[in-house]
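Residue numbers (numbering that gives the first Met the number 0): 0 to 261.
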Amino acid sequence: MFSLNSVRVAPGVRSALAVACGLALSVCHVGAQAEDAVAPVVVTATRMADAVQTAPVGASVITAAQIERAGVADANEAIRKLGGVAARSDLNNGREPVLDLRGHGETAGQNLVVLVDGMRVSENELASARLSAIPVAQIERIEIVRGGASVLWGEGASAGVINVILKRPQGTVRAARIAASVESFKGHDLAVDGQWGAGNWVFDAAVKRVRSEGYRDNGGYKQDVGSWGVAWQDGGWRAALRTMHEEQSARLPGYLSLAQFR
């Protein structure tokens, strides 16, 4: 035998419940608006424009805002510190470390494809790609795809792909930046870059100077970098030309005796 009992709710309680429901709905509505306001992140290192949510599991993206907040000096440092990519130090005061995505060790540079705006800059040779020449202020994002990608990018992509996407301003652009830093061992960095654009055309140029005496005798390092690019874009059509020039000089300090090592 079943019985139904009715419960009467006082008018004041009904008003409180109505207010609580209204607040809950408004919070949900604000949350939905905040989610809709987030700019989409697109990964193109897979040769197709995929949303980051549908990209491969091993894919990660470093944005320009993250690079600016971290205060990194170049793309190599951003990939190591923000992307969590292991690297092996080189003989040039650590300015051009060899990035190692999947633990290839000595052959890491020959198993990683590095791209700039989708164009391959790494070759299957003993030298790894040189990313310190890319002006950090012109980087829009860095895409890191871990895992074999030889089917898409050919030889040397068994560890993965790193794609550095440069900024593509449109319309009238007038921007310039000067950055300088002083380091220990008589070291200093100086970088100047700028962008100019009108209509469908954008031109950018950058120069960089690096000097360091090193922490050991005869361990000096010098680097001079210059780059410029011009791009035209109209709707979905885009054409670009970019050239980079780098001069680097690194001295070898030689061996240490056992007493010096200790």
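Note that CB positions come from ideal geometry on N, CA and C, so glycine has one too.
query                                                                                 : result
Alpha helix (DSSP H) segment containing LYS80, residue limits                         : 74-80
Where LEU257 falls, given that 16 or more other Cβ within 10 Å makes a residue buried : exposed
Rounded straight-line distance, which links the Cα of GLY70 to that of ILE141         : 15 Å
Three-state class that DSSP yields for VAL150 in the structure shown                  : helix
ASP192 vs ARG176 beta-carbon contact at 9 Å                                           : yes
Reference GLY328; option with closest CA among VAL181, ILE161, SER226, ARG210         : For the chain, the structure presents residues 0 to 261; residue 328 sits outside this window and is missing.
Cβ-based burial, LEU100 [other Cβ within 10 Å; buried from 16]                        : buried
Spatial distance of VAL144 from SER59 (CA atoms)                                      : 7 Å
PHE202, DSSP secondary structure in three states                                      : strand
For ARG173, the first and last residue of its enclosing beta strand (DSSP E)          : 172-182
C-beta contact flag for GLU154 and LYS185 at 9 Å                                      : no
6 Å Cβ shell around ALA190 - same chain, five flanking residues per side excluded     : ALA178, LYS207
Beta-carbon gap between ALA128 and VAL135 smaller than 9 Å                            : no
Distance between GLN259 and ASP116 (C-alpha atoms, nearest Å)                         : 46 Å
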